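Residue numbers (numbering that gives the first Met the number 0): 0 to 254.
Note sheet for the following structure.
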Amino acid sequence: MENRKLVFANWKMNLDIKSSLRLINDIQKANLFFNNLDIVIAPPGVYLYEISKFLEGSHIQLSSQNVFYENNGPYTGEISPQMLKDVGCKWVMIGHSERRQHILETNEMINKKILLSCNNDLNIICCVGESYEERRQGKTFNKIGDQLKRALRDVSANFLNQIVIGYEPVWVIGSGKAAEISDINEVHDFIFDQLKLMYPDSKILPRIVYGGSVNNANISSIMTLNNVDGVLVGNASLDCDKFCDIVLKVGNSND
Ligand code: 13P
């Protein structure tokens, strides 16, 4: 997986079944394929099965926006990694800041979700990021270092090729303005250094992608950065033209 790039579309709680299938169909028709690029789409959970049937044979991969940390049992409303695989998911998103904020998801829960998803051979995108207040107080690196350590606790190096770290500065999400390029650069370098410290003997480290108001105007400069392996796209992934333009620009960016 090393050096492969990733464009990950997080549709969040948007669209209905008809518009989801229309959007997937339009993206498929654009026929975007790059040898070195993973394209992953995370629609709302209830549409996964329908979309997975629609995507059969396609190189576009499917992700859930969440997963639970047990295989089965009395956990009303939750979905296990195996269940997600049953409906065609190859990926799970874990620890998005909106879940940390609204569902009060903790680093311990995130860690358990990552461990079980690793054991179920799912690819994982684990999100980290500081709030505006934390950045203002100079706590960005402390916060992200802590989130990384706790999320990856007990995760063996054998699983690192299944894991992607998504850096999403919380206040930038949905704001229409991405973080400053120099800030993205600095944090991605920091995450890379932390991962190296955590796994000193590993040849493979998780890929690191940026998310937060990515659009077709800022994508090219983001992709010039050294430790940026791709992007996480929210709003712009709900529009076929904007999303395909981002995919094209990432696909054509140099390593
Ligand atoms: P926006 O692209 O809408 O800022 O969302 C980013 C995000 O949260 C992706 O996970």
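Cβ coordinates follow ideal geometry from the N, Cα and C atoms, glycine included.
In this text, all values refer to a predicted model and were calculated from it rather than measured experimentally.
Here Ala-8 is actually not in contact with Ser-252; their C-beta atoms are around 17 Å apart, not less than 8 Å. Setting aside the 5 residues that flank it on each side, Lys-111 is surrounded in the same chain by Tyr-68, each with a C-beta closer than 8 Å to its C-beta; the list follows chain order.
A residue is called buried when at least 16 other Cβ atoms come within 10 angstroms of its Cβ; Arg-21 does not meet this threshold and is exposed.
Remark: the C-beta of Asn-65 is outside contact range of the ligand 13P, defined as less than 6 Å to any heavy atom. Burial is judged here by how many other beta carbons sit within 10 angstroms of a residue's own beta carbon; Val-249 has at least 16 and is buried. Per DSSP, reduced to three states, the secondary structure at Cys-88 is coil, with no helix or strand assignment. Under the three-state reduction of DSSP output, Tyr-209 falls in the strand class. Out of Pro-43, Ile-143, Ser-155, Lys-17, the CA that lies nearest to the CA of Glu-167 is found in Ile-143. Taking the C-beta atoms as reference points, Glu-129 is found nearer than 7 Å to Thr-139.
Of all C-beta pairs linking the region 81 to 92 to the region 52 to 65, three or more are shorter than 8 Å, placing the two stretches in contact. Counting only runs that start and end inside the region 116 to 198, the beta strand (DSSP E) elements of at least 3 residues fall at 122 to 127, 162 to 166. When beta bridges are read from the DSSP output, Val-246 appears opposite no residue.
Only exposed fits Asn-71, as fewer than 16 other CB atoms lie within 10 angstroms of its CB. Distances from the CA of Asp-244 to each of Ser-155, Asp-25, Asp-192 were compared; the closest alpha carbon is that of Asp-25. Where Ile-218 is concerned, there is no enclosing beta strand (DSSP E), although the alpha helix (DSSP H) around it starts and stops at 218 to 222. Taken from the Cβ of Leu-231, at least one heavy atom of the ligand 13P lies inside 6 Å. Around the beta-carbon of Ala-216, fewer than 16 other beta-carbon atoms lie within 10 Å, marking it exposed. Here Ser-212 is not near Ser-181, since their CB atoms are 7 Å or more apart. Under DSSP, Asn-9 takes part in a beta bridge, and its partners are Ala-41. In the DSSP assignment, Leu-20 falls within the alpha helix (DSSP H) that extends over 16 to 28. Under DSSP, Ile-102 forms no beta bridge with any residue.
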